[in-house]
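Enquirer: Can you read through this structure? Questions will come right after.
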Amino acid sequence: MGSFRYKVYGLVIDSEISLPELIMEKNKAPDVFIKLGMVPDQLEKPLGSGVLYEAGEDDFIFRLDNVARYRVREGRFITIQANKNAAPEEVRLFLLGSVMGALLHQRGMLALHGSAVVKNNRATIITGVSSAGKSSLAAGLYEKGYAILSDDITVINTGDASIPAVSPGIPHLKLWKDVLIYMNEGKSLERIRPRMEKYKKPVKQIGPDTNTKLCRIIVLATKNTPGFTMEEIRGAKKFSLLRSHTYR
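One point on numbering: in the numbering used here, the residue at position 95 of the sequence shown is 218, and numbering is uninterrupted.
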């Protein structure tokens, strides 16, 4: 058993390392176990691979030079072999990003690449292409009185009532320096990664620690013309958009 226990995305995590980005859990039994240990460079029988990863049957390895190797198995077990010179915040960044996304995928959970905010017990998900402004829009809504449910990864589930709902995720925002300057913030915030001009903004208004009814999904896209337009998505295009913005 690890020294720390947390909750995120409806899961209870038992961890050997501190994860200050997550909310503590005291009583419930763990669903996921995170430990330090040796991770092989390759899987014996990979079914797919990329520059940084190999994926097999309920087995996944993610390799990042100078940071760590991670292994995810059976949707329950994460092993981290950290580089001795890696900054702890850098190890956590990829653990709670790509590695957690792989674990959610192994568990069959629907995870979108985006942020989620809540107001009046109704959740809004903001997804879209990379660098479209998902976290920036969430930060703007936060300034207007919305609470933050999650950032970067947002999980949708149907719960007991078969009604789409958003599970509480990581309640902080990762914002680029120019956004923080515009918001008149950022002087004492922690970088998410050494030498990277992106920072972790803690939030005081966080959403409930239970599932919140999903009200709408906003999909951001970029264009090379001034101003912005809005379009309601209908029919089968909804499913194709959701699929294209799943976290992977």
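Note that the Cβ used here is the ideal one computed from N, Cα and C, for glycine as well. Model, not experiment: these values are computed from the prediction.
By the DSSP assignment, the alpha helix (DSSP H) with R194 in it spans what residues?
Expert: That residue, R194, is in no alpha helix (DSSP H); its beta strand (DSSP E) goes 191-196.
Enquirer: Report yes if the CB atom of A178 is closer than 8 Å to the CB atom of A191, and no otherwise.
Expert: No, they are not a contact pair.
Enquirer: When the Cα of A255 is compared with those of D182, S363, H236, which residue comes out closest?
Expert: It is H236.
Enquirer: Report all residues from its chain with a CB closer than 7 Å to the CB of G160; omit the five preceding and five following residues, and keep chain order.
Expert: So the list reads T202, Q204, once near-sequence residues are dropped.
Enquirer: Considering E212, what are the terminal residues of the alpha helix (DSSP H) in which it resides?
Expert: Segment 211-217, the alpha helix (DSSP H) holding E212.
Enquirer: Return the Cβ separation of L272 and T335 in integer angstroms, given the expectation that the two are a contact with Cβ distance under 8 Å.
Expert: 6 Å between Cβ atoms; contact.
Enquirer: For the candidate residues R245, I249, L175, S221, whose alpha-carbon lies nearest to that of S400?
Expert: A query on residue 400 cannot be resolved here, the shown segment of the chain reaching from 124 to 371 and no further.
Enquirer: Kindly indicate the opening and closing residues of the alpha helix (DSSP H) around F362.
Expert: Residues 360-367.
Enquirer: How many Å lie between V162 and F183 at the Cα?
Expert: Each residue's alpha carbon lies about 11 Å from the other.
Enquirer: Sort V222, S138, E167 by Cα distance to L175 and report the nearest one.
Expert: Of the listed residues, the one whose Cα sits closest to L175 is V222.
Enquirer: Helix, strand or coil for G224 per DSSP?
Expert: The answer is helix: DSSP assigns G224 an H, G or I state.
Enquirer: Out of curiosity, what's the CA-to-CA distance linking I146 and T333?
Expert: The alpha-carbon atoms of I146 and T333 are separated by roughly 13 Å.
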